[in-house]
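Numbering (numbering that gives the first Met the number 0), first residue to last: 0 to 110. Worksheet for the structure shown next.
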Amino acid sequence: MVNFRMNLGVLLLVFLASKVLASQDPTAPLNWIEPKVAASKSAIKKYPVPRLQSIVCKEDSDCYAVLDDKLANVNDVVSGYKVKMITEKEVTVVRGNTSHHLALFKSDIKN
Numbered sequence: 000m001v002n003f004r005m006n007l008g009v010l011l012l013v014f015l016a017s018k019v020l021a022s023q024d025p026t027a028p029l030n031w032i033e034p035k036v037a038a039s040k041s042a043i044k045k046y047p048v049p050r051l052q053s054i055v056c057k058e059d060s061d062c063y064a065v066l067d068d069k070l071a072n073v074n075d076v077v078s079g080y081k082v083k084m085i086t087e088k089e090v091t092v093v094r095g096n097t098s099h100h101l102a103l104f105k106s107d108i109k110n
């Protein structure tokens with residue numbers, strides 16, 4: 000009976016040791032410690048200012064503009080920016096508290 004308990008104890012010890020060894024990666028380099036996973040920071044999404052390509056104004060209707068290859072009217076949203084105003088010379092886009100005045104050409108053209 001003592002022999003049986005001793006054999007059972009040895010088997011139990013071997014079984015537990017195999018579980019401990021199996022929990023580690025046998026192919027990992029010696030003294031290698033798995034890096035801690037940093038808490039993922041919420042990525043700040045950046046919205047580049049849309050590129051103004053064209054402004055079209057007709058006499059009897061409102062103006063519209065082409066921003067980032069998309070046709071836009073007042074109150075449309077293009078690339079995360081709301082089109083606030085379109086005139087013959089410039090387009091005003093707003094995102095949050097920031098507004099940008101987009102023009103096709105520099106305002107001080109010299110001949």
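Glycine is no exception: its CB is placed at the ideal position from the N, C-alpha and C atoms.
* Anyone know if the C-beta pair for residue 48 and residue 99 falls short of 8 Å? -> Yes. Within cutoff.
* Asked: For residue 79, which of 68, 65 and 94 has the nearest alpha-carbon?
  -> When each option's Cα is compared against that of residue 79, the closest is 94.
* Closest by C-alpha distance to residue 85, when choosing among 69, 102 and 43 -> Distances from the CA of residue 85 to each of 69, 102 and 43 were compared; the closest alpha carbon is that of 102.
* Residue(s) in a DSSP beta bridge with residue 53 -> According to DSSP, residue 53 shares a beta bridge with 65.
* Asked: For residue 36, which three-state DSSP category applies?
  -> Reduced to three states, the DSSP call for residue 36 is coil.
* residue 71 to residue 36, Cα distance in whole Å? -> Those two C-alpha atoms are separated by around 44 Å.
* Hey, could you find the ends of the beta strand (DSSP E) residue 80 is sitting in? => That run of the beta strand (DSSP E) goes 80-85.
* Which of the three DSSP states, helix, strand or coil, is assigned to residue 10? -> Three-state result, residue 10: helix.
* **residue 9 beta carbon near the ligand SAH (any heavy atom closer than 7 Å)** => Ligands are entirely absent from the displayed structure, and the ligand SAH is therefore not among its contents.
* Asked: Using a Cβ-Cβ cut-off of 7 Å (strictly less than) and excluding sequence neighbours within five positions of residue 62, which residues of its own chain qualify?
  -> Closer than 7 Å at Cβ, skipping near neighbours: 54, 55, 56, 85, 86 and 87.
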